[in-house]
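Enquirer: Next up is a structure, given as structure tokens.
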């Protein structure tokens, strides 16, 4: 999990708990959603300070509380942590061949980038970009 993914995951939890102002609780009492929200707000700075292990521990703790309180299921949390889908080799080759065909046509006729062909070209580019 990279820093960008961690930020994306904690932003899901931050939005879910937005009704609770972030407040640091005393160590002796059980964590509240306010304290969880405070922890969420601390993670980006940990990542900037290259304290990724601590950020992971806090993320795990946050997810444990959210699961035990019934906010998210284990499957929800697992899906939040999943990496992007990886495009299989055949699909990538198919998209690259489409791009190659567009580039060949473009050498002969620039009108390819009008209407449906233009949309198809950018959809293909977008698909490839999503998997890189």
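Residue numbers (the numbering used here): 346 to 477.
Here a beta-carbon is modelled for each residue, glycine too, at the ideal position from N, C-alpha and C.
Can you tell me which of the three DSSP states residue 404 falls into?
Expert: It is helical.
Enquirer: Spatial neighbours of residue 367 within its chain, please: C-beta separation below 6 Å, excluding the five flanking residues on both sides.
Expert: Around residue 367: 382, 383, 386.
Enquirer: Excluding five sequence neighbours on each side, which residues of the same chain lie with their C-beta closer than 8 Å to the C-beta of residue 418?
Expert: Excluding positions up to five away in sequence, the list reads 412.
Enquirer: Going by DSSP, what residue range makes up the alpha helix (DSSP H) through residue 368?
Expert: Counting along the chain, residue 368 falls outside any alpha helix (DSSP H), and DSSP gives it neither H nor E.
Enquirer: Please tell me whether residue 424 and residue 392 are closer than 7 Å, where the distance is taken between their beta carbons.
Expert: No, these two residues do not count as a Cβ contact at 7 Å.
Enquirer: Hey, out of 396, 358, 471, 363, whose CA is closest to residue 409's CA?
Expert: Residue 358 is the option with its Cα nearest to residue 409.
Enquirer: What distance in whole Å lies between the Cβ atoms of residue 404 and residue 388, which are believed to be in contact at a cut-off of 8 Å?
Expert: Contact holds; Cβ gap of about 7 Å.
Enquirer: Can you find a heavy atom of the ligand NAP that lies under 6 Å from the Cβ of residue 425?
Expert: Summarising the ligand content, the structure contains no ligands, and the ligand NAP is consequently not present.
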